[in-house]
Amino acid sequence: MPNNLVHGVTLPESESKHTLAESEKNWRRYFTFNTDHKVIGVQYLVTAFTFFLIGGLLAMIVRAELITPASDLVDRPFYNSLFTIHGTVMIFLWIIPSIAGLSNYVVPLAIGAKDMAFPKLNAIGFWLVPVGGIVLISSFFLPGGAAQAGWWNYPPLSLQNPSGNIINGELFWILSIVILGISSIMTAVNFVTTIVWLRAPGMTYFRLPILVWATLTAQLMQLIYLPALTGVALMLLADLTLGANFFRPTAQGDPVLYQHLFWFYSHPTVYVWVLPIFGIFSEIIPAFTRNPLFGYRSVALATISFVPITGFVWAHHMFASGTPEWLRILFMFSTELVAIPTGIKVFAWTATIWKSKLHLETPMLFAMGGVMMFLFAGITGVMLGAMPFDLHVNNTYFIVGHFHYIVYNTITMALFGGIYYWFPKISGRMYLEGLGKLHFWLTFIGANLCFFPMFPLGLQGMVRRISSYDPQYVDWNILASLGSFLLGVSILPFIANIAFSWLQGKKATKNPWLATGLEWTTSSPPPKENFEEIPVVDFPPYDYGRDKYSHPHLANR
Amino acid sequence: MSRTFEYIAIALGVVAIVVTSYGLGKLSYSWMPLEASTDAREIDHLFSFLVTMGSVIFLVVMGMLIYSLIFNRAAPGDYTEGHAFRHNWKLEVVWLVVPTLLVLWIGIYSFNIYVRMDVAGPKELLASASQPKDLEVAATNTNQALVTIGVVAKQWAWDFHYPDGKIDRELHLPVDRRVRLMLQSEDVLHGFYVPEFRIKQDIIPTRDIAFQFIPNRVGKYKLHDSQLSGTYFALMEADVYVETQEDYQQWLARESDNAARNLAALEYTNPHERVFDSHYPTVVPARSEEITASNDAIAKN
Ligand code: HEM
Ligand SMILES: [Cu+2]
Ligand SMILES: [Cu+2]
């Protein structure tokens, strides 16, 4: 049965054998210092996914502890290490590198470039990630244990070092953040240069797919804001090991200064994650609705507008921190206004979907599910921006619910959608649709079951980061824990699907989704320098009206 | 579907959404804990307002998405264009202006709530600052003088210092009186949080933070540390009693009975079995409330 996939055309057997041999010969390159952006992209994705599994395991131990009110599974210092390392791994070793990986693979193809601007730098940037990750995870085995002060790592708690050793979990945490920060800066320089200088002839800014706009914006933000985090980590390191007193209150240090510097990066960083995710939505949704992206220009402008405005809201994480009144009020208004460019995107996707021709393969399921849950996440974000309300739910499970609706239900969902979407391009093979749909439904149900209960818990006053709690909170906690276990299970069909399809999947054509991006005009997988011949662009993005995209044989010519 | 039919369907949808959102807004009061301070009422009004607004947006967008999922599926193999609209300036201006107005409305509404709240406000954060300015709501306050209580947080216990020198591990407050807490920490950041009061304030070592509110419902509540403070963070609780003026005075006059236990110290000295024990070291919990000198606590760390 040559064409049982709804989308896509299967090529004759002879051709598929040819590429199989080639890829078999080549799998070793994924374990070498390779400078091809496509290899690096896959290396990032696989590495990040490995850390995702580790981070997920830590989270499931946390949820197992919380299935009963008492602290009866692990001791309390270990519990604190679990959520600290869980959060750090998920942010710095899953979200950021997996996005770097997907962008690494797709962006040069999407702008018609042969590679990234600095291929060596690209490879170094990648190899720092496993180094940083191993430093972080290995700290579990130190006698003093891994860091225990939460992913914010606020001093003076983070400076306490009860083990008394110079070599301690906190030190490893800081080193790992610095290493990963350097890696991110290298990547950012590379992306910005690539997008500015290496676009194919005719690829003007307003012909760029939104994913490219989003990558440009996110990486510019890394360049501007990340030094604040690296700087603050080094100051903390000085306090911890060299006896400096930047943040030690007993020696005239200011712990609140740490919070300002930390959030000056860590608020923008949430947009570093989510803008590329919006980019993924903006690629998948047009392809599976057969529509141009509605309001392309306003979406592009809304995206780039984040570079400056995201720098003006950080103190909404500090409403209860002893922040002066004027600051609270100022940051309340700026936070509320940030919802506008975010809202524009949700409306643009909705308008694209409205009265379209929906195809519901796995990438689109993940995109639709992700958009729906992002809507919920964004609305709860606007609620949190209303500062008097935030004074009640700050540091409760309401916050944990809000940001997990972002980091899991939106970002991780979209990453899965993106991986399914570009899988045929990356591997040259189709994934199995049935397993993909199973993966989607398990994830969608598991994620809501796991994270929705956190909202009522937070409203009722359950504080976040506690290792035992009052029995009154038990019911919602059981649901959340069951949801987390379901999420653990949901990963299995994904792994099975990718492993099986990469080896045995049906050969994919160059444009199985009949999509418009330049990456779909070259073979699957693309040749070493991406294109036989550099494309010349003379049409707007998302040009789904054209005949060329209406028929499988035309799209794949 | 005929045009008129479609309009009727949309009109019905809008009515259903408005009614549901209004209902959820009303229901939202029941998702909150008891209201035990004058601020709680205000916060709950704000929350109800946010739920109503949020529901409208959520239901409109979800309605459009689900409608499309049901009615706008492509025929198998049909990859032709869905619709050709690339943009529509009028619509795009509408969805810029309407959300802007909505969030400004939320901002202003919240601002008003904040002004009416009894938290004297962080302008007065430093205790050295003068007495709090009279806020609009001062009218709801009784004329009696403010009750000032010192709160000392340390890993992982609360000490309360009452005006006449009494020190205790329970927080007792007279009902309907403006209370002023002087928050201090001996080691790391802590947070003062009683869900029934709906307000929260971080406590920062070496700073004196003044924090005010009016408890207005007699009852027993629980204070919880709200800012991660280390190993026994989860156990850093204290009982809070809001009582009538007479009961409060009587309690003040009584000797401290030290009945309240220091949970962290108890667990430290009698650790219970767990499935897994990492043997990571921990900061030693501070002892009970007799320790008031901060050097004592630090010496032990
Ligand atoms: C619609 C716009 C949004 C608004 C107005 C908003 C507002 C807020 C506010 C006020 C907080 C602080 C709450 C507190 O700690 O008391 C918060 C926390 C958070 N938000 Fe959002 N948010 C929005 C969207 C997002 C997006 C798009 C992301 C991620 C991509 C995000 C990620 C987070 C994270 C990670 C935290 C928690 C950080 C932590 O406490 O560990 N939010 N949000
Ligand atoms: Cu998590
Ligand atoms: Cu933020």
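Those sequence lines, one after another, are chains A and B.
The working numbering puts the first residue of the first sequence at 1, with every later residue one more than the last.
The working numbering puts the first residue of the second sequence at 558, with every later residue one more than the last.
Even glycine gets a Cβ: it sits at the ideal position worked out from N, Cα and C.
Fair warning: this is a prediction, and the values are worked out from it, not measured in the lab.
Cβ-Cβ distance between residue i and residue j below 9 Å
{"i": "A/LEU438", "j": "A/LEU482", "result": "no"}
{"i": "A/TRP27", "j": "A/THR88", "result": "no"}
{"i": "A/LEU435", "j": "A/PHE494", "result": "yes"}
{"i": "A/GLU336", "j": "B/VAL608", "result": "no"}
{"i": "A/SER158", "j": "A/LEU236", "result": "yes"}
{"i": "A/ALA117", "j": "A/LEU198", "result": "yes"}
{"i": "A/PHE331", "j": "A/THR380", "result": "no"}
{"i": "A/ILE85", "j": "A/LEU142", "result": "no"}
{"i": "B/PHE770", "j": "B/ILE760", "result": "no"}
{"i": "A/ILE95", "j": "A/LEU128", "result": "no"}
{"i": "A/LEU229", "j": "A/VAL192", "result": "no"}
{"i": "A/ILE106", "j": "A/TRP422", "result": "Note that residue 106 of chain A is Val in the sequence shown, not Ile. Yes, the pair counts as a contact, with Cβ atoms nearer than the cut-off."}
{"i": "B/LEU738", "j": "B/ALA767", "result": "yes"}
{"i": "A/ILE284", "j": "A/GLY418", "result": "yes"}
{"i": "B/LEU746", "j": "B/LEU792", "result": "no"}
{"i": "A/TYR542", "j": "A/THR516", "result": "yes"}
{"i": "A/PHE319", "j": "A/ASP390", "result": "yes"}
{"i": "A/GLY144", "j": "A/ASN104", "result": "no"}
{"i": "B/THR657", "j": "A/ILE340", "result": "yes"}
{"i": "A/ARG63", "j": "A/ALA480", "result": "yes"}
{"i": "B/LEU703", "j": "B/ARG673", "result": "no"}
Residue range of the beta strand (DSSP E) that includes residue i
{"i": "B/TRP715", "result": "714 to 718"}
{"i": "B/GLY776", "result": "776 to 782"}
{"i": "B/HIS767", "result": "Looking at the sequence shown, residue 767 of chain B is not His but Ala. Where B/ALA767 is concerned, the enclosing beta strand (DSSP E) stretches over 766 to 770."}
{"i": "B/ARG737", "result": "736 to 742"}
{"i": "A/VAL232", "result": "Taken as a continuous stretch (DSSP letters only), A/VAL232 belongs to no beta strand (DSSP E), being part of the alpha helix (DSSP H) at 210 to 241."}
{"i": "B/GLY748", "result": "747 to 751"}
{"i": "B/ASP596", "result": "Not the beta strand (DSSP E): B/ASP596 falls in the alpha helix (DSSP H), residues 595 to 628."}
{"i": "B/HIS729", "result": "728 to 731"}
{"i": "B/VAL799", "result": "794 to 800"}
{"i": "B/ILE761", "result": "Per DSSP, B/ILE761 belongs to no beta strand (DSSP E) and is neither H nor E."}
Unbroken alpha helix (DSSP H) run spanning residue i, endpoints
{"i": "B/ILE706", "result": "Note, B/ILE706: premise wrong, no alpha helix (DSSP H); beta strand (DSSP E) at 704 to 711."}
{"i": "A/SER98", "result": "96 to 110"}
{"i": "A/ALA447", "result": "433 to 451"}
{"i": "A/GLU336", "result": "325 to 353"}
{"i": "B/LYS583", "result": "560 to 584"}
{"i": "A/ASP475", "result": "474 to 504"}
{"i": "A/ILE285", "result": "255 to 289"}
Cross-chain neighbours of residue i in chain C, by beta carbon under 7 Å
{"i": "A/TRP354", "result": "Going by chain labels, chain C is absent from the structure shown, which instead holds the protein chains A and B."}
Practice item. Mind checking the region 511 to 529 of chain A against chain B and listing, in chain order, the residues whose C-beta falls within less than 8 Å of any C-beta there? Key: Of all residues in the region 511 to 529 of chain A, LEU514 have a Cβ within less than 8 Å of some Cβ in chain B.
Point to revise | Segments of 4+ residues assigned as alpha helix (DSSP H) that fall wholly inside the region 117 to 189 of chain A | key: Those alpha helix (DSSP H) runs which fall completely within the region 117 to 189 of chain A and span 4+ residues are 119 to 138.
Check your understanding: Does the region 72 to 84 of chain A come close enough to the region 832 to 843 of chain B to have 3 or more Cβ pairs within less than 8 Å?
Key -> In short, these stretches touch, since the Cβ pair count reaches three.
Check your understanding: Which residues, in chain order, does the region 364 to 376 of chain A contribute to contact with chain B at a C-beta distance below 9 Å?
Key -> Result list: MET368, VAL371, MET372, LEU375, PHE376.
Check your understanding: In chain order, what residues of the region 386 to 413 of chain A put their CB closer than 8 Å to some CB of chain B?
Key -> Here the close residues are ALA386, MET387, PRO388, PHE389, LEU391, HIS392, ASN394, ASN395, THR396.
Practice item. Could you list the residues in the region 662 to 674 of chain B with a C-beta less than 7 Å from some C-beta on chain A, going in chain order? Key: Within the region 662 to 674 of chain B, the residues whose Cβ lies closer than 7 Å to some Cβ of chain A are ILE663, GLY664, SER667, PHE668, ILE670, TYR671, MET674, listed in chain order.
**Study point:** contact_flag[the region 258 to 272 of chain A, the region 309 to 319 of chain A] where n(CB pairs < 8 Å) is 3 or more
**Key:** Counting Cβ pairs under 8 Å, three or more are found: they touch.
Point to revise | Three-pair Cβ contact test at 8 Å for the region 342 to 353 of chain A versus the region 291 to 304 of chain A | key: Short answer: they touch.
Check your understanding: Are the region 458 to 466 of chain A and the region 736 to 752 of chain B touching by the rule of at least three beta carbon pairs closer than 8 Å?
Key -> Result yes; three or more Cβ-Cβ pairs closer than 8 Å.
Check your understanding: Can we say the region 439 to 446 of chain A touches the region 537 to 548 of chain A, given the rule of at least three CB pairs closer than 8 Å?
Key -> Contact between the region 439 to 446 of chain A and the region 537 to 548 of chain A is absent, because fewer than three Cβ pairs lie under 8 Å.
Review point. Taking three-plus beta-carbon pairs below 8 Å as touching, is the region 497 to 511 of chain A in contact with the region 422 to 433 of chain A?
Key: Cβ pair count under 8 Å is three or more, so yes.
Check your understanding: Taking one C-beta from the region 787 to 806 of chain B and one from the region 472 to 491 of chain A each time, how about it: are there three or more such pairs within less than 8 Å?
Key -> Contact between the region 787 to 806 of chain B and the region 472 to 491 of chain A is absent, because fewer than three Cβ pairs lie under 8 Å.
Review point. When the Cβ atoms of the region 558 to 565 of chain B are set against those of the region 580 to 591 of chain B, are three or more pairs found closer than 8 Å?
Key: Short answer: they don't touch.
Point to revise | Any 3 or more C-beta pairs closer than 8 Å across the region 243 to 263 of chain A and the region 597 to 616 of chain B | key: When Cβ pairs closer than 8 Å are counted between the two stretches, the region 243 to 263 of chain A is seen not to touch the region 597 to 616 of chain B, the count staying below three.
Check your understanding: Do the region 357 to 365 of chain A and the region 631 to 648 of chain B touch if we need at least three Cβ pairs shorter than 8 Å?
Key -> These segments touch.
Exercise for review: Would you list, in chain order, the members of the region 59 to 79 of chain A that have their beta-carbon closer than 8 Å to a beta-carbon of chain B?
Suggested key: Going along the region 59 to 79 of chain A in chain order, one finds SER71, ASP72, LEU73, VAL74, ASP75, ARG76, PRO77, PHE78 with a Cβ nearer than 8 Å to chain B.
Exercise for review: With 7 Å as the C-beta to C-beta threshold (strictly closer), list the residues of the region 272 to 297 of chain A near chain B in chain order.
Suggested key: Using a CB distance below 7 Å, the part of the region 272 to 297 of chain A facing chain B consists of THR289, ARG290, ASN291, PRO292, PHE294, GLY295, TYR296, ARG297, ordered along the chain.
Practice item. Give the residues from the region 762 to 792 of chain B that approach chain A closer than 8 Å (Cβ to any Cβ), ordered along the chain. Key: Of all residues in the region 762 to 792 of chain B, those with a C-beta nearer than 8 Å to a C-beta of chain A are PRO762, THR763, ARG764, ILE766, LYS779, HIS781, ASP782, SER783, GLN784, LEU785, SER786, GLY787, THR788, TYR789, PHE790, ALA791, LEU792, reading in chain order.
Review point. Going along the region 312 to 346 of chain A in order, which residues come within less than 7 Å of chain B, judged by CB to CB distance?
Key: Answer set for the region 312 to 346 of chain A: ALA320, SER321, GLY322, THR323, PRO324, GLU325, ARG328, ILE329, MET332, PHE333, GLU336, LEU337, ALA339, ILE340, GLY343, ILE344, VAL346.
Exercise for review: Could you name the residues of the region 821 to 837 of chain B whose beta carbon sits closer than 7 Å to any beta carbon of chain A, in the order they occur along the chain?
Suggested key: Along the region 821 to 837 of chain B, going in chain order, the ones with a CB nearer than 7 Å to a CB of chain A are ARG831, VAL832, PHE833, ASP834, SER835, TYR837.
Review point. Does the region 241 to 249 of chain A come close enough to the region 196 to 213 of chain A to have 3 or more Cβ pairs within less than 8 Å?
Key: Because the criterion of three Cβ pairs below 8 Å is not met, the region 241 to 249 of chain A and the region 196 to 213 of chain A do not touch.
Check your understanding: Is the number of C-beta pairs between the region 50 to 69 of chain A and the region 111 to 126 of chain A that are closer than 8 Å three or more?
Key -> Short answer: they don't touch.
Review point. For the region 583 to 595 of chain B, which residues have a CB atom closer than 7 Å to at least one CB atom of chain A, in sequence order?
Key: Within the region 583 to 595 of chain B, the qualifying residues are TRP588, MET589, PRO590.
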